[in-house]
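Engineer: This is the structure I want to talk about, given as structure tokens.
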Amino acid sequence: MSAVKCVVWDLDDTVWPGVAIESDAAPEPRDEVIGLLDELERRGIVCSVASRGDPAMASAVRAHPRLGGRFVAPQVGWEPKSGSILRVAETLRIGLDAIAFVDEDPFERAEVAHLLPEVLALSVPELAAAMDGERFSPGRPTGEGRQRASMYRDEERRREAEAGFAGGRAAFLRWCGMRLEIGRAGPADVDRLVELGERTHRLNSTARRHGRDDVLRWLAAGGLTRARLADRFGDSGLVGMVAVERPEAPADWEVALLAVSCRVEGRGVPAALLRRTMDEARAAGAPGLRARYRPNGRNVRVALLLRQLGFARAATEAETLVFRRPLDGELPPFPEWLEIVAG
Amino acid sequence: MTAAGVRARLDPLLAAVLARDPAEVAAMPPSLPLLGDGLGLDSLTGMRLLAAIDREFGVDVAADDLGLDCLETIDTLSRYLAARA
């Protein structure tokens with residue numbers, strides 16, 4: 000079972016008792032719910048809203064002193080809650096199996112459970128009980144993990160800005176002033192790297208859970224590089240890693256794992272990490288760079304990225320495809336909107 | 000379906016995901032690489048193309064050609080779709 004990354008709340012009769020009468024003021028929430036919201040935030044689990052009612056209620060919730068700032072991408076409207084949950088998943092770029100839905104009305108829970116069986120549908124007391132379970136305990140939450148809610152909110156502001164930007168995507172990305180710090184991973188990064196290895200799906204080249212042992216082994220071998228991203232909206236922290244096997248020249252170097260947080264998808268981080276790896280491999284005398292790719296239906300963009308950067312399939316070993324790119328001649332450029340700094 | 004028939008349906012999809020003039024895309028040589036230096040698809044526009052192909056041709060390329068070898072050039076993709084659509 001995968002870890003819950005987002006809890007989506009119903010409002011009326013769930014977050015607060017009864018039905019909101021005015022749509023310009025949110026009623027007082029239940030203390031029990033506030034306690035759960037606090038605890039979820041401590042654990043780095045984001046909260047959102049899927050509720051039926053006047054869409055103006057979303058801003059009333061934002062303005063409420065005890066509720067404001069707690070919900071990312073809230074959905075209030077007249078459509079079925081299953082549709083609202085799909086939009087939350089899309090906005091946060093997480094899978095439905097990473098979502099729990101909380102509603103005191105058994106009918107609403109049944110609707111969601113029927114249409115979106117991957118979503119965990121719970122009542123408030125069921126959520127309180129489930130908090131002790133494995134799906135709500137993401138191991139040892141790291142700095143980035145704990146700040147996830149505020150980073151999702153930065154991402155929301157980033158999206159709003161992009162929607163209002165006329166200059167095209169590349170111009171928007173340049174305007175964001177993105178700074179990618181690429182450097183060797185150190186012992187202080189281990190917890191976050193383990194979290195990345197475990198939580199990434201779409202931008203994970205091996206589609207396999209890599210645990211602490213793998214990270215420590217790569218770290219000891221010195222072939223572990225990490226990237227930190229910041230822009231004008233905030234600091235996204237450590238968002239990507241590449242683990243490289245580096246045999247003596249003249250053998251090819253090989254990417255054992257490329258993992259980048261889905262939160263920063265579309266900003267060129269994996270391309271920059273691979274380009275940096277190509278530079279290092281070429282400087283060390285490697286004639287080519289290989290990359291192991293294990294498709295799982297969700298990480299197809301890794302294959303697209305490898306091809307975009309000039310890799311071609313060189314071999315197939317059981318379920319793993321091995322791509323290779325020769326390192327002579329011109330290398331693919333770093334994404335033009337990224338300022339690359341050594342870290 | 001013939002490779003030419005496929006191109007007539009594929010070119011508008013390519014033009015749409017790349018936001019380029021359909022006539023310009025239709026004039027591209029079949030040997031042009033799709034990704035990177037050639038036509039300029041990247042992982043984001045590539046995902047959109049795969050979704051558009053699935054809708055238009057009913058072919059789920061990613062599920063079938065795991066290494067995406069068929070995305071080498073316009074020609075390899077056209078032949079691939081001609082054999083399946």
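Chain order of the listed sequences is D and R. Letter 51 of the first sequence, counting from 1, is numbered 50 in numbering that gives the first Met the number 0, and no numbers are missing. Letter 61 of the second sequence, counting from 1, is numbered 60 in numbering that gives the first Met the number 0, and no numbers are missing. We put the beta carbon where it would ideally sit given N, CA and C, even for glycine.
Are L237 of chain D and A219 of chain D close, meaning C-beta to C-beta below 9 Å?
Structural biologist: Cβ atoms of L237 of chain D and A219 of chain D: not closer than 9 Å.
Engineer: When DSSP builds the beta bridges, which residues end up paired with W15 of chain D?
Structural biologist: DSSP output for W15 of chain D lists D:D11 as bridge partner(s).
Engineer: What does DSSP give as the partner residue(s) for C5 of chain D in the beta ladder?
Structural biologist: Paired residues: D:V45, D:I98.
Engineer: What residue ranges within the segment 263–333 of chain D form continuous beta strand (DSSP E) runs of no fewer than 3 residues, ordered along the chain?
Structural biologist: Whole beta strand (DSSP E) segments, 3+ residues: 287–292, 311–316, 319–325.
Engineer: Report buried or exposed for T315 of chain D, applying the criterion of at least 16 other Cβ atoms within 10 angstroms of its Cβ.
Structural biologist: Looking at its Cβ environment, which holds fewer than 16 other Cβ atoms inside 10 Å, T315 of chain D is exposed.
Engineer: Does D68 of chain R have its Cβ less than 9 Å from a Cβ in chain D?
Structural biologist: True, the Cβ-Cβ gap to chain D drops below 9 Å.
Engineer: Counting contacts by CB-CB distance shorter than 9 Å, is V301 of chain D in contact with chain R?
Structural biologist: By this cut-off, V301 of chain D is an interface position.
Engineer: Report the partner residues of V75 of chain D according to the DSSP bridge assignment.
Structural biologist: DSSP output for V75 of chain D lists D:S50 as bridge partner(s).
Engineer: Given this structure, state the Cα-to-Cα distance separating S42 of chain R from A25 of chain D, to the nearest angstrom.
Structural biologist: Rounded to whole angstroms, S42 of chain R to A25 of chain D spans 42 Å at the Cα level.
Engineer: Is any beta-carbon of chain D found at less than 9 Å from that of G4 of chain R?
Structural biologist: No, G4 of chain R does not count as interfacial toward chain D.
Engineer: Quick check on the DSSP output: the beta strand (DSSP E) that includes R225 of chain D runs from which residue to which?
Structural biologist: 223–230 is the span of the beta strand (DSSP E), which, as asked, contains R225 of chain D.
Engineer: Which of the three DSSP states is assigned to A206 of chain D in this structure?
Structural biologist: Coil.
Engineer: What do you reckon, are the CB atoms on V32 of chain D and V118 of chain D nearer than 9 Å?
Structural biologist: In this structure, V118 of chain D does not lie closer than 9 Å to V32 of chain D by Cβ.
Engineer: Report the neighbours of R312 of chain D on chain R: residues whose CB is nearer than 8 Å to its CB, in chain order.
Structural biologist: The contacting residues are G66, D68.
Engineer: Are there any heavy atoms of the ligand HEM lying less than 8 Å away from the beta-carbon of V18 of chain D, as far as the coordinates show?
Structural biologist: Among the components modelled here there is no ligand, and therefore nothing to report on the ligand HEM.
Engineer: I'd like to know whether the C-beta atoms of R297 of chain D and R231 of chain D end up nearer to each other than 9 Å.
Structural biologist: Contact flag unset, no.
Engineer: On the three-state DSSP scale, how would you describe E40 of chain D?
Structural biologist: Reduced to three states, the DSSP call for E40 of chain D is helix.
Engineer: In the DSSP assignment, the alpha helix (DSSP H) including S77 of chain R goes from what residue to what residue?
Structural biologist: From DSSP, the alpha helix (DSSP H) with S77 of chain R extends over 73–83.
Engineer: Can you name, in chain order, every residue of its own chain whose Cβ lies under 7 Å from the Cβ of L172 of chain D, other than the five neighbours on each side?
Structural biologist: Closer than 7 Å at the Cβ level, and outside the excluded window around L172 of chain D, lie R266, W336.
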